[in-house]
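Heads up, the thing below is written out as structure tokens.
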Amino acid sequence: MAAPSEYSAILSGEARPVDVVAIEGELRQLWTAAAQDAFEGHPVVRACVLNLVAYAPGDDAARHINEVLAQVSGRHPSRSIVIVAEPGTGAPLLQAAISAHCQIAPEGGKQVCSEQITLRASGPAVGELHSTVVPLLVPDLPVFLWWHEEPSLGSHLFQELLETSDRLIVDSADFAPESAASSLAALQRLAREGTVAVSDLNWSRLNHWRELVAQFFDTPPARQHLDRLKSVSVEVAPVRGSEPGFIEGLLLVGWLASRLGWTLEKGGKRARDGALAFDLRSAVGSVHVELKPVPGRPREGLLSVLLGAAGGVSFSISRDAEDYACVVVAAGMRDGGGPPRAVRMDLPSEAALLCEELEMLADDSVYREALDEAVRFMEVGR
29 MAAPSEYSAI LSGEARPVDV VAIEGELRQL WTAAAQDAFE GHPVVRACVL NLVAYAPGDD
89 AARHINEVLA QVSGRHPSRS IVIVAEPGTG APLLQAAISA HCQIAPEGGK QVCSEQITLR
149 ASGPAVGELH STVVPLLVPD LPVFLWWHEE PSLGSHLFQE LLETSDRLIV DSADFAPESA
209 ASSLAALQRL AREGTVAVSD LNWSRLNHWR ELVAQFFDTP PARQHLDRLK SVSVEVAPVR
269 GSEPGFIEGL LLVGWLASRL GWTLEKGGKR ARDGALAFDL RSAVGSVHVE LKPVPGRPRE
329 GLLSVLLGAA GGVSFSISRD AEDYACVVVA AGMRDGGGPP RAVRMDLPSE AALLCEELEM
389 LADDSVYREA LDEAVRFMEV GR
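Per my numbering, residue 29 is the first one in the sequence shown, and the count goes up by one each step.
As structure tokens, then:
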């Protein structure tokens with residue numbers, strides 16, 4: 029049994045090594061001791077509303093996940109199980125540690141704490157980690173699987189953990205350019221099978237962009253131009269320095285296409301600068317789509333969206349070159365639209381994006397349909 033000072037360290041976020049077979053017992057002792065002796069003058073309350081299993085492909089990813097979980101725990105107290113896997117190294121090894129993330133409740137007084145179990149495995153032990161993870165899940169609570177790299181459908185561990193999960197969370201912004209198309213298609217297959225709900229943090233990054241695009245057409249004078257759209261131009265800051273990372277942009281175009289009933293008309297082509305262009309068919313004509321890389325920007329991701337309609341009408345959203353946390357929104361219509369306006373659009377942190385996904389359990393049909401279109405667009409642009 030640990031000394032009181034050791035429990036205080038655990039409640040402060042420090043990881044304490046424990047025997048794998050003694051994890052549950054050590055956690056019970058932790059919360060018993062915490063309940064008997066207020067930590068830093070505040071009574072401690074263990075809270076758990078969900079299970080979050082996070083896969084970390086190495087120590088750097090594990091450190092990052094720990095930082096994110098510390099921020100998420102206040103809104104979504106959970107039992108977090110962080111898997112640090114190194115399948116290609118050495119003899120089979122399985123180690124465990126426990127820690128906690130505590131937040132003082134908004135009304136003051138009590139500290140609300142989430143518990144974290146870290147499992148570190150190497151060699152052949154990685155493939156059998158699921159047999160350790162599953163018994164540690166809190167019964168009757170939803171299970172979220174956060175896979176912190178491109179999901180590998182051929183991975184035994186991935187498949188086993190997926191079977192026990194209610195929702196899979198990935199970030200397609202992390203997909204390598206050379207494998208992005210196949211990984212996105214694999215994600216699409218999972219979403220269509222329906223055995224597990226699928227979330228993509230890259231889709232969540234588009235929430236504010238989609239809201240602003242939809243707001244263009246809130247008024248009757250603007251709404252009439254929806255059926256007259258003739259072009260969509262999206263600018264993206266390349267990922268990893270040089271490769272155009274178009275998944276975010278393709279998901280946005282996929283959302284437009286799925287909502288407006290556009291279908292693929294003509295195969296895409298790549299320009300020398302990496303730009304991707306293809307044509308869609310609307311109810312009244314052709315819609316030309318172009319995604320362009322714009323290098324040299326301080327952050328990756330979407331930079332601008334320009335919708336062009338018949339008669340020279342345009343709708344645009346673009347990041348401010350001087351203030352990256354702002355966008356300039358403009359509607360050019362003969363019958364109104366108003367002057368350009370600046371809108372605050374802070375880049376959401378990974379913790380904020382994860383919090384949004386942890387609030388969802390049901391299938392997101394809008395995302396699934398946008399993903400279907402994005403996969404088609406990637407295939408024609410290969």
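We put the beta carbon where it would ideally sit given N, CA and C, even for glycine.
Every value quoted in this text rests on a predicted model; they were computed, and no experiment measured them.
Assuming residue i and residue j form a contact by the criterion Cβ under 8 Å, report the distance between their Cβ atoms to the nearest whole angstrom.
i, j, result
"R256", "A338", "4 Å"
"S142", "A128", "7 Å"
"L196", "S227", "7 Å"
"F172", "L386", "6 Å"
"V112", "Q144", "The pair is not a contact, with the Cβ atoms about 12 Å apart (cut-off 8 Å)."
From residue i to residue j, what does the alpha carbon distance come to, in whole angstroms?
i, j, result
"G222", "D391", "8 Å"
"V357", "E350", "15 Å"
"R372", "V166", "40 Å"
"I93", "A209", "26 Å"
"S183", "G340", "51 Å"
"G269", "Q64", "Unreliable placement is indicated for G269, whose pLDDT of 46 sits below 50; the coordinate value is still reported in the next sentence. Taking the straight line from one Cα to the other gives about 53 Å."
"V241", "I275", "18 Å"
"Q57", "R148", "22 Å"
"A119", "G151", "5 Å"
"S286", "E401", "7 Å"
"F405", "R327", "24 Å"
"H176", "A61", "33 Å"
"A12", "V72", "No information on residue 12 is available, as it lies outside the stretch 29 to 410 that the chain covers here."
"E206", "V100", "32 Å"
"P323", "S261", "16 Å"
"D194", "A75", "20 Å"
"I126", "F244", "50 Å"
"L284", "E54", "51 Å"
"S342", "S259", "9 Å"
"P368", "R217", "41 Å"
"A303", "D348", "22 Å"
"V48", "W174", "22 Å"
"V224", "L189", "11 Å"
"R103", "L335", "37 Å"
"K294", "L308", "7 Å"
"V394", "A37", "44 Å"
"K138", "I132", "6 Å"
"A84", "A90", "5 Å"
"W59", "L121", "28 Å"
"D374", "V315", "30 Å"
"K297", "M361", "31 Å"
Please indicate yes or no: does the CB of residue i lie closer than 8 Å to some heavy atom of the ligand SAH?
i, result
"S259", "For the structure depicted, the ligand SAH is absent and the ligand set is empty, with no information on it obtainable."
Less than 6 Å between C-beta atoms, sequence neighbours within five positions excluded: which residues of the same chain meet that for residue i?
i, result
"L178", "A small correction: the amino acid at residue 178 is Glu; Leu does not occupy that position in the sequence shown. Correct list, in chain order: F203 and S211."
"S332", "E263 and S346"
"P45", "A125"
"Q123", "R148"
"C383", "V100 and R103"
"P115", "V154"
Using a C-beta cutoff of 9 Å, does residue i count as contacting chain D?
i, result
"W290", "Protein chains in the displayed structure number just one, and chain D is not present."
With a threshold of 7 Å on Cβ separation, who are the neighbours of residue i within its own chain once the five nearest residues in sequence on each side are excluded?
i, result
"W237", "L280, L330, V333 and I345"
I'd like the list of long-range same chain contacts for residue i, defined as Cβ closer than 8 Å, with 5 residues on each side in sequence excluded.
i, result
"G289", "S310 and A311"
"M29", "Bear in mind that the predicted position of M29 carries a pLDDT of just 47, short of 50, making it unreliable; the figure below should be weighed with that in mind. Cβ neighbours of M29 beyond the five flanking positions: Q57."
"V77", "H104, P105, S106 and L169"
Is the stretch 218–235 close to the stretch 198–206, with three or more CB pairs under 8 Å? As far as the Cβ criterion goes, the stretch 218–235 touches the stretch 198–206, which means the pair count is three or higher.
Length-filtered (4 minimum) alpha helix (DSSP H) runs lying within the stretch 283–308: Entirely contained in the stretch 283–308, not one alpha helix (DSSP H) run reaches 4 residues.
Taking 8 Å as the cut-off, does the stretch 369–383 touch the stretch 91–109 (at least 3 CB pairs, one atom from each stretch)? Yes, the stretch 91–109 is in contact with the stretch 369–383.
Along the chain, which unbroken stretches of the beta strand (DSSP E) at least 3 residues long are found entirely within the stretch 236–265? List check, beta strand (DSSP E) in window: 257–265.
Extract the residue ranges of the alpha helix (DSSP H) inside the stretch 79–103, only unbroken runs of 4 or more that lie entirely within it. Runs of the alpha helix (DSSP H) lying entirely within the stretch 79–103, each at least 4 residues long, are 87–100 in chain order.
At 3 residues or longer, what runs of the beta strand (DSSP E) sit wholly inside the stretch 174–204? DSSP runs (the beta strand (DSSP E)) wholly in the stretch 174–204: 195–198.
In chain order, which continuous runs of the beta strand (DSSP E) of length 3 or greater are located wholly inside the stretch 329–367? Taking only runs of at least 3 residues, the beta strand (DSSP E) segments lying wholly in the stretch 329–367 are 329–337, 341–347 and 354–360.
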